[in-house]
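Numbering (the numbering used here), first residue to last: 454 to 673.
We put the CB at the ideal spot given by N, CA and C, even for glycine.
Remember, predicted model here, so these are calculated numbers, not experimental data.
Presented below is the structure to which this report refers.
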């Protein structure tokens, strides 16, 4: 990349920084990786603390990642039909349910709740990453999309670092994970709201919605 290209990329990122949509996406991605790593890093310790065996803890962590593969494929495909905001919201709901299941597990150590936590986290929650690139490109499509996406991902990575740290600090101060998991539910909601505020659907319709726009145009 030449010096002039670098200057243009910096300018493009600078212009994006001045838009509300950029900051809504940055907030949504920060919160998205916050909840992702908050639960991923601490769920095994939590399960061991409340009396489950190491085998259950390791199984839960492994199966979550395994379920994330079909979850990302299916939700990524659905996002092309219904829109990115809906799928981001569903994924955040998956994490919120997972946090709620962990809170319930503190009071009732049943394998059913472990299954709920694993399924919702893997099949739904992990769908976040399948549309991260799509959300940004639909709003900031162009030659300098890469520099803008990279800048936004700095916020996402900060969230990924903050989630486990804040969850650990809250646990150490309060003596339990309950408050930390409640915070996780709140952050899940905030992430969903942020991407709805960014509203990529208002900039570029996904393939599955084009026929509706075309029908509306014909009707006029």
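With C-beta atoms as the reference, is residue i less than 8 angstroms away from residue j?
| i | j | result |
| --- | --- | --- |
| residue 488 | residue 637 | yes |
| residue 486 | residue 616 | yes |
| residue 569 | residue 513 | no |
| residue 481 | residue 648 | yes |
| residue 578 | residue 600 | no |
| residue 651 | residue 588 | yes |
| residue 522 | residue 532 | no |
| residue 613 | residue 490 | yes |
| residue 562 | residue 505 | yes |
| residue 623 | residue 632 | yes |
| residue 630 | residue 475 | no |
| residue 542 | residue 645 | yes |
| residue 567 | residue 509 | yes |
| residue 503 | residue 553 | no |
| residue 595 | residue 524 | no |
Got a sec? Which residues, its chain only, sit under 7 angstroms from residue i by beta carbon, not counting five neighbours each side?
| i | result |
| --- | --- |
| residue 479 | 605, 608 |
| residue 574 | 492, 517, 547, 548, 551 |
| residue 584 | 529, 532, 537, 540, 541 |
| residue 469 | 475, 593, 601 |
| residue 582 | 525 |
| residue 611 | 483 |
| residue 656 | 591, 592 |
For the alpha helix (DSSP H) that contains residue i, what are its first and last residues?
| i | result |
| --- | --- |
| residue 548 | 537-558 |
| residue 485 | 473-502 |
Excluding the five sequence neighbours on either side, which residues of its own chain have a C-beta within less than 6 angstroms of the C-beta of residue i, listed in chain order?
| i | result |
| --- | --- |
| residue 602 | 589 |
| residue 643 | 484 |
| residue 641 | 488, 545, 548, 549 |
| residue 653 | 537, 588, 591, 592 |
| residue 557 | 566 |
| residue 576 | 520, 524 |
| residue 471 | none |
| residue 598 | 590 |
| residue 477 | 647, 650, 651 |
In chain order, what residues of the same chain have a beta carbon less than 8 angstroms from the beta carbon of residue i, not counting five sequence neighbours either side?
| i | result |
| --- | --- |
| residue 495 | 617, 620, 621, 624, 630, 633 |
Runs of beta strand (DSSP E) lying entirely within the stretch 546-634, each at least 3 residues, in chain order: Entirely contained in the stretch 546-634, not one beta strand (DSSP E) run reaches 3 residues.
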